[in-house]
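Chains A and B, in that order, give the protein sequences.
Sequential numbering of the first sequence, starting at 676, is according to the numbering used here.
Sequential numbering of the second sequence, starting at 2, is according to the numbering used here.
Ideal Cβ positions, reconstructed from N, Cα and C, are used throughout, including at glycine.
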Amino acid sequence: MAAALERHLLRARDLVDSRYGEPLDLRRLAREAHVSPRHFSRSFRRVFGETPYQYLLSRRLERARHLLRTTQMSVAEICLEVGFTSVGSFTTTFRRHVGVAPTTFRQAHGGPSPADRVPLCFVKAWARQPQGSG
Amino acid sequence: MIDAISHVGVWVDDQDEAKAFYTEKLGFEVREDATLEEFGGYRWLTVGPPGQPDVNIILSAPVPPAIDAETAKQLMALVNKGAMGPGIFRTGDCRKTAKELQERGVEFTQEPDERFYGIDAGFRDPSGNEWRLVQPIEYDIETLQRAQANGG
């Protein structure tokens with residue numbers, strides 16, 4: 676049975692989940708899904724309800740929040756680890772989506788919490804940005 | 002009183018493909034594989050991990066007459082785009098098992114990652130169902146929080 680378009684698009688989304696720290700571009704993701712970049716972007720949004728960039732951003736910010744809470748890595752190190760190339764851009768984006776600066780988030784949420792009981796797959800799903808939030 | 006979970010269902014595109022994946026790649030055993038000609042060729046296919054004989058995974062293909070063609074299409078579109086599940090498998094060594102499965106060609110969505118509850122990796126079956134592979138770690142949040150509060 677030929678794989679459905681959804682299955683190919685899912686492979687591209689999975690690539691975001693596993694390679695979010697790398698400079699992923701539309702061409703690379705589209706190649707993973709075996710479609711043209713233009714078709715990819717449109718199809719991804721139709722199937723998953725958000726753009727590839729929004730999904731990538733959600734993944735990077737979820738990972739950044741995890742690292743801020745659970746490690747002693749500096750904000751600059753975390754910024755690079757999750758795929759941002761400038762601390763300024765990372766801090767601005769983090770503040771826009773999470774509501775506070777990374778250092779403030781760490782002070783408020785650092786260390787173990789009951790949320791750590793929740794398996795990662797559910798955290799990843801619930802850490803997505805609501806549509807229209809930027 | 003309900004005693005236990007004995008069967009859980011998973012929708013798959015192709016039962017032959019799924020059977021090969023769950024047995025040859027994951028190492029599960031086939032529990033039942035029966036085609037019922039009197040029910041239009043309905044195929045009852047279950048698999049499970051060798052160490053847990055009382056839990057079975059039903060690998061079902063949504064086909065008429067049980068499910069109409071349009072519903073089956075919608076259902077599999079959800080599976081194919083990763084919207085169904087997930088389920089969690091337990092392992093004694095997440096990194097080792099993940100490496101073994103990757104060598105057999107299993108598509109991993111996430112490399113083993115240390116979380117508070119254990120080491121957690123993710124992979125998909127050929128249809129798009131996501132499974133987690135978790136090596137649990139015994140922990141106690143309250144103790145960890147107290148240790149942190151004390152500067153530990």
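Contacts with chain A (Cβ-Cβ distance below 9 Å) from the segment 32-44 of chain B involve no residue at all. When rounded, the separation of the alpha-carbon atoms in Gln53(B) and Ile59(B) is 15 Å. Thr47(B) is bridged by DSSP to Glu33(B) and Ile59(B). In chain A, no part has a C-beta under 7 Å from the C-beta of Gln53(B); the shortest such distance is about 19 Å. Among the residues of chain B, none has a CB under 7 Å from the CB of Ala687(A); the nearest is roughly 11 Å distant. In summary, Lys74(B) is exposed, with fewer than 16 beta-carbon neighbours lying within 10 Å of its beta-carbon over all protein chains present. Rounded to whole angstroms, the Cβ separation of Leu690(A) and Glu707(A) is 5 Å, and the two are in contact under 8 Å.
Counting C-beta pairs with one atom in each stretch, the segment 125-136 of chain B and the segment 9-18 of chain B have three or more that are closer than 8 Å, which means they touch. The Cβ atoms of Pro727(A) and Phe719(A) sit closer than 8 Å to each other. When DSSP states are grouped into helix, strand and coil, Ile138(B) belongs to the coil group. Pairwise C-beta distances place the segment 729-739 of chain A in contact with the segment 760-769 of chain A, as three or more of them are shorter than 8 Å.
Residue range His8 to Trp12 is occupied by the beta strand (DSSP E) that includes Gly10(B), with no alpha helix (DSSP H) assigned at that position. Here Ala5(B) has Asp55 as same chain residues with Cβ atoms under 7 Å from its own Cβ, once five neighbours each way along the sequence are excluded. Each of Arg125(B), Glu108(B), Glu104(B) and Pro87(B) was checked against the Cα of Val9(B), and the nearest Cα belongs to Pro87(B). DSSP, reduced to helix, strand and coil, places Ile753(A) within a helical segment of the structure shown. Within the model, the alpha-carbon separation for Asp700(A) versus Leu731(A) is close to 10 Å. In the structure shown, Arg116(B) adopts extended strand secondary structure according to DSSP, grouped into three states. In this structure, Ile138(B) keeps its C-beta atom at 8 Å or more from the C-beta atom of Pro794(A). Contact with chain A is found for Asn81(B), since one of that chain's Cβ atoms lies less than 8 Å from the residue's Cβ. The beta carbon of Glu697(A) does not come within 8 Å of any beta carbon belonging to chain B, so the residue lies off that interface. Across the structure, Ile753(A) and Ala776(A) are spaced so that their CA atoms are roughly 13 Å apart.
Pairing Leu704(A) with Gly83(B) gives a Cβ-Cβ distance that is not under 8 Å. The beta-carbon of Thr92(B) is placed no less than 8 Å from the nearest beta-carbon of chain A.
For a cut-off of 8 Å, the C-beta gap from Asp692(A) to Gln111(B) is around 6 Å, short enough to register as a contact. Looking at the backbone, the Cα of Asp69(B) and that of Leu76(B) are separated by about 10 Å. Contact annotation, Asp126(B) with Phe22(B): C-beta distance approximately 5 Å; criterion of less than 8 Å satisfied.
A distance below 8 Å separates the beta carbons of Pro787(A) and Phe117(B). DSSP places Ala67(B) in the coil class of the three-state scheme, outside both helix and strand. At a C-beta separation below 8 Å, Pro777(A) has no neighbours in chain B, since its nearest C-beta there lies roughly 19 Å away.
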